[in-house]
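Each residue of the sequence shown is one higher than the one before, counting from 757 in this note's numbering.
Just so you know, even glycine gets a beta-carbon here, dropped at the ideal spot from N, CA and C.
First up is the structure itself, then whatever we jot down about it.
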Amino acid sequence: MLKTTSPEALRRRVAVVGAGLAGAAVAASLAKAGWLVEILDAAPALGAGASGLPVGLAAPHVSPDDSVLSRITRLGVQATLERAEQLTGAGLMTSADWGLTGVLEHRVKGKGALLSAKALPHPEDHWGTRAHPAQIKACGFSPEVPALWHSQAAWLRPRPFVAAQLATAGMTLRLGFSVHRLSRTQGQWHAWDANGQLLTQTPHLVLASAFDTQALLQVLVSEEAGPAVYLPLNPLRGQVSFGAIAHLSEATRLALPPFPVHGHGSFISGVAAPNDAAAHWFVGSTFERDCTQAPVRAEDHTANQARVNTLLPHLAQGMAQGFSPAHIQGWAGLRCTLPDRLPAVGALDPLRWPGLWVCTGMGARGISLSVLCGELIAAEMSGQASPLPPDLAKHLAARRFKQTRQS
C-alpha cells in the first residue's frame, strides 16, 4: 500500500537557497522543527563561498552602552556554542573542528577608554571580564594593557560546522543547482535555473544566498513589474593569511598565545588548515567594501602582517618569517553587510510575497549570528515563541527595509 503525504506535511515544505553558514543554520533549525527542507546551492561542494573560511571566532561584541549589536551577538554566540556542542555529542563534529578555549580581546586603538561600569559586566559574568594578569602575560603584553577575557567564546572551522548541520534528518541537499530567478503561482514558489529549468517548487522559500539574494529579488521585481525592493546589501571581501607553525622559529612558536586573540582582526594558532592537518596560525581578515571578486592578494598579506604587529606587538619580528613568500598562504571570500551592521531575517514583504523569507547580511559575524538567525526564522515560520525578546527581534526583521523603496 502506498503511503501518502498529508496536506499538513505538504504545507511544511521549504526550500533554502544557499548552503553556507546562514543556509545550513536555517535548514537545521527548520528540520528540527519538523519541516521537510530542500537546500539548493550553486557550488559543486560545500565551503565554496564565505563558509570556506579556514577558521573564525564565535565571540561577543562589546560596546560602552551594551548596544543592540552587543546584546544580540551574546545570544548568537550562545546559540552557536550550544549547537556545536550538540553536533559534537552526536558525533558530527570533533575537537579538531572547534574549541571552547575562551578569547582574549586586546582593546587596541584607544578602545580601553570605552570601558565603563555599565559596559563591563560583573566579575562573575562569564561573557566578559577584565583579563587576568596571567592571561595578559601569556599573550606577551605588559600588565597595564587593556584587555577583556571572554570565557564563552570559541574558535570554529565553518566548513565542518556547515556539513554537520546539513546532516540533520529531514533535509535534502542539492549541490550544483544555481537559482537564477524566482516566480510564484497558485501559492507555490518556483525556482528556475538560467536555462529556464524548474529546480523546485514549494510553498515556502528562504533566500540565504548572501549578496546574491539582492540579484534574485531584483529579477523577481522586474518580472512582476512592481516597485523596487530596497535591501541595501553591500559585498564585503575579506582575506585571511595563514601558515604552518612548523615554519616559525622555536622562539616564535613558544611566544604564540595559547588561545585566540582579537581586537584588531584576530589571531588564532594551533588549528589545522584546509587540506592540511598540521597546526597552523591564522590572522585576518581584511575588509574591502563594494568588491564582488575575491582573489588572494599579496598586498592583503602585508595588511594582515600589520594587523599582527598591532594586535600582538611582541610577535612582530618573529612572524616576519611566516609571512615570507615561501611560507605564506591565503584565503579570500565575500560576505555581505547592511548599513546598521545587523542581518536581515524573516519575511521581507509578507503581503506582496507570502512564503518568501530571507536570512542574509551577517557580515563578518556569520559564525556568531547564523544559528540564532536560523532559530528566529524557524520560530517565525512555525508559529513558535521567538528566541529573541521583541525589543531585539525587531532590529533583525527583514521587513524593516520594506518602507524604504526606490522607484
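Residue environment: T1116 is assigned as buried (16 or more neighbouring CB atoms within 10 Å of its CB, all protein chains considered).
Excluding its 5 nearest sequence neighbours in each direction, S807 has C-beta neighbours in its own chain below 7 Å: G776, L777, P914, R915 and V918, listed in chain order.
Only residues of its own chain outside the window of five on either side were considered, and among them F1079 have a CB closer than 6 Å to the CB of Q1061, listed in chain order.
Judged by pairs of C-beta atoms under 8 Å, the region 816 to 836 does not touch the region 1041 to 1050, as fewer than three such pairs exist.
In this chain, the beta strand (DSSP E) harbouring P991 covers N990 to A1000. Counting of Cβ neighbours within 10 angstroms places H888 among the exposed residues, the total staying below 16. Taking a C-beta distance under 8 Å as the contact criterion, A787 and A925 qualify as a contact pair. Out of E1055, I795, A1029 and A789, the CA that lies nearest to the CA of A964 is found in I795. The three-state reading of DSSP puts C1115 in strand, counting E and B together. In the structure shown, S851 falls within a coil segment according to DSSP collapsed to helix, strand and coil.
The straight-line gap separating the alpha-carbon atoms of R1108 and L976 is approximately 12 Å. For L792 and P1106, the gap between their C-alpha atoms comes out near 21 Å. DSSP places E1055 inside the alpha helix (DSSP H), whose first and last residues are A1054 to L1067. Of the other Cβ atoms in all chains shown, fewer than 16 fall within 10 Å of the Cβ of D1032; this residue is therefore exposed. Secondary structure note for E861: its beta strand (DSSP E) is the uninterrupted segment V859 to H862. In the pairwise beta carbon analysis, the region 1062 to 1071 is classified as touching the region 1000 to 1016: at least three pairs are separated by under 8 Å. Distance from the CA of M1118 to the CA of V824, rounded to the nearest whole angstrom, comes to 14 Å.
Taking all protein chains shown into account, D797 has 16 or more neighbouring C-beta atoms within 10 Å of its C-beta and is therefore buried.
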